[in-house]
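K.L.:
Residue numbers (the numbering used here): 2 to 388.
Note that the Cβ used here is the ideal one computed from N, Cα and C, for glycine as well.
Keep in mind it's a predicted model, so treat the numbers as computed, not measured.
Pasting a structure below so you can have a look.
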Ligand SMILES: *Cc1c(COP(=O)(O)O)cnc(C)c1O
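See the structure below:
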């Protein structure tokens with residue numbers, strides 16, 4: 002037990018927050034409440050407040066408590082996917098005529114959601130370079146209500162100063178939303194830096210095993226929690242009990258995994274940076290990265306995502322992505338297994354021709370937690386074959 006003046010550490014909370022043992026049997030792991038509805042003792046006589054799983058379910062509650070705790074927020078809400086969570090935030094907090102200013106490198110699906118689903122309902126969207134405070138200020142309009150940013154960003158690993166952008170947003174009365182999927186709360190806690198809302202694709206690092214989709218919203222703002230919570234219930238894109246359980250199971254090892262993801266990425270970056278076929282490495286842990294100092298301040302370590310450009314251009318990038326043996330060619334990220342992605346034609350194909358377009362000589366790696374020497378060998382052999 003921790004003493005009153007020393008709060009529990011992150012790894013302890015990732016295992017225990019919201020996860021009390023089952024009082025009826027003593028089961029160490031709280032049961033998965035795989036049920037759609039709950040018996041009432043008499044009309045309206047709910048047991049423990051549970052009525053119907055779209056509204057509340059004990060397994061989802063356990064996940065929501067855990068997510069809120071890890072992000073240092075008062076309220077956690079979990080959803081069927083990251084985009085379902087984002088949709089709830091956007092629709093709960095914006096109405097026709099409002100405008101949202103997003104980073105010019107947000108997740109492509111986030112941009113598509115705002116641009117192709119919300120815009121036709123009258124919500125304005127524009128993008129700005131979030132690493133440039135003047136550009137952010139210039140992008141704020143009279144009808145702007147929300148700022149939306151991602152750091153590190155995907156796939157160029159740009160670093161935004163959350164504290165500075167949140168302060169700027171609040172000067173203009175905006176709700177500041179941070180998509181914390183890439184860092185996860187193990188590395189960075191945006192609410193403590195002034196953000197109002199954190200969103201996640203728990204599909205990535207939080208779940209961590211590439212076996213479950215999910216999304217989350219965390220906030221300490223009562224009004225925002227109330228509005229997003231209402232939409233979670235009223236529109237119903239909730240996480241199901243089994244998905245919530247799998248996500249909880251993943252989160253227990255988040256801290257350990259993140260340490261290994263980070264050190265494996267550092268080992269891979271070293272090989273990339275020294276290889277003649279590589280023209281540029283995008284990793285916030287490098288001293289040469291333009292956002293390195295900010296990242297060092299707001300992140301605990303630099304995580305498992307690495308991008309790089311190849312001298313041989315698009316054909317070399319594609320050949321590398323098809324030439325690894327251990328790194329598997331697939332979209333997504335944040336799982337225990339290493340993945341390689343060719344953004345221009347995979348994850349970022351949907352933003353081609355927009356301001357979110359990515360360079361075609363770029364490869365993105367999601368560095369897993371395998372034995373580092375095996376990952377390094379694989380990267381080296383794929384690079385050597387380009388020469
Ligand atoms: C994957 C991802 C999303 C979308 O989440 P889904 O779970 O796929 O719906 C949103 N933001 C970021 C940064 C992501 O990587």
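(1) In its own chain, which residues sit with a C-beta less than 8 angstroms from the C-beta of residue 1, not counting the 5 before and 5 after it?
(2) Go ahead and label residue 30 buried or exposed: buried means 16 or more other beta carbons lie within 10 angstroms of its beta carbon, across all protein chains shown.
(3) Excluding the 5 residues flanking residue 180 on each side, which residues of the same chain have their C-beta closer than 6 angstroms to its C-beta?
(4) Considering only their Cβ atoms, is the gap separating residue 215 from residue 80 smaller than 9 angstroms?
(5) Given that a residue counts as buried once 16 or more other Cβ atoms are within 10 Å of its Cβ, and exposed if not, what is residue 330?
(6) Throw me the rounded Cβ distance for the residue 240 and residue 64 pair, which I believe falls under 8 angstroms.
(7) Quick one: using the 10 Å Cβ neighbour count with 16 as the cut-off for buried, is residue 223 buried or exposed?
(8) Check whether the Cβ of residue 37 lies closer than 8 angstroms to any heavy atom of ligand 1, and answer yes or no.
(9) Which residue wins for smallest C-alpha separation from residue 93, given the options 235, 358 and 155?
(10) On the criterion of 16 or more Cβ atoms from any shown chain inside 10 Å, does residue 258 qualify as buried, or is it exposed?
(11) Quick one: is the Cβ of residue 308 within less than 8 angstroms of any heavy atom of ligand 3?
(12) Measure from the alpha carbon of residue 273 to the alpha carbon of each residue in 350, 217, 227 and 381, then state which is nearest.
(13) Please list, in chain order, all residues of the same chain as residue 205 whose beta carbon is under 6 angstroms from its beta carbon, the five residues on each side excluded.
(14) Using CA coordinates, which residue listed in 358, 21 and 105 is at the minimum distance from residue 344?
(15) Is the beta carbon of residue 102 less than 9 angstroms from the beta carbon of residue 127?
(16) Tell me whether the beta-carbon of residue 196 lies closer than 9 angstroms to the beta-carbon of residue 178.
(17) Should residue 142 and residue 123 be called a contact, given that it needs their Cβ atoms to be closer than 9 angstroms?
(18) Could you please give me the residues that DSSP links to residue 1 through a beta bridge?
(19) For ligand 1, is there a heavy atom less than 8 angstroms away from the beta-carbon of residue 84?
(20) Any contact of the region 243-263 with the region 274-283, i.e. 3+ C-beta pairs under 8 angstroms?
P.N.:
Here's the rundown:
(1) No information on residue 1 is available, as it lies outside the stretch 2 to 388 that the chain covers here.
(2) Residue 30 sits at position 29 when you count from the first residue of the chain shown. Label assigned to residue 30: exposed.
(3) Residue numbering aside, residue 180 sits at position 179 when the chain shown is read from its first letter. For residue 180, where only same-chain residues beyond five positions count, the Cβ hits under 6 angstroms are 151 and 200.
(4) As a working mapping, residue 80 is identified with position 79 in the chain shown. As a working mapping, residue 215 is identified with position 214 in the chain shown. Going by C-beta atoms, residue 80 is nearer than 9 angstroms to residue 215.
(5) The residue you call residue 330 lines up with position 329 of the chain shown. Residue 330 is exposed by the Cβ-count criterion.
(6) Looking up residue 240 in the chain shown gives position 239. Looking up residue 64 in the chain shown gives position 63. Between residue 64 and residue 240 the Cβ distance is about 7 angstroms, and since that is below 8 angstroms, they are a contact.
(7) In the chain shown, the residue the question calls residue 223 occupies position 222. Exposed.
(8) What you label residue 37 is simply residue 36 of the chain shown in a count that begins at 1. No, Cβ of residue 37 sits at least 8 angstroms from all heavy atoms of ligand 1.
(9) Taking the chain shown and counting its residues from 1, the one referred to as residue 93 is at position 92. Comparing Cα positions, the closest option is 235.
(10) For this step, residue 258 is matched to residue 257 along the chain shown. Looking at its Cβ environment, which holds 16 or more other Cβ atoms inside 10 Å, residue 258 is buried.
(11) In the structure on display, ligand 3 does not appear, and the ligands it does have are ligand 1.
(12) Along the chain shown, one-based indexing puts residue 273 at 272. For the residues 350, 217, 227 and 381, the minimum Cα distance to residue 273 belongs to 381.
(13) Stepping through the chain shown from its first residue, residue 205 is reached at position 204. Hits under 6 angstroms: 182, 334 and 335.
(14) Stepping through the chain shown from its first residue, residue 344 is reached at position 343. When only C-alpha atoms are compared, the closest one is 358.
(15) Taking the chain shown and counting its residues from 1, one reaches residue 102 at position 101. Taking the chain shown and counting its residues from 1, one reaches residue 127 at position 126. A contact, by the Cβ cut-off of 9 angstroms.
(16) Locating residue 196 in the chain shown gives position 195, where the first residue counts as 1. Locating residue 178 in the chain shown gives position 177, where the first residue counts as 1. In contact: residue 196 and residue 178 (Cβ atoms closer than 9 angstroms).
(17) For this step, residue 142 is matched to residue 141 along the chain shown. For this step, residue 123 is matched to residue 122 along the chain shown. It is not a contact, given that the beta carbons lie outside the stated cut-off.
(18) What is shown of the chain runs 2 to 388, which leaves residue 1 out entirely.
(19) Locating residue 84 in the chain shown gives position 83, counting from the first residue. Yes, since a heavy atom of ligand 1 falls inside the 8 angstroms radius drawn around the Cβ of residue 84.
(20) no
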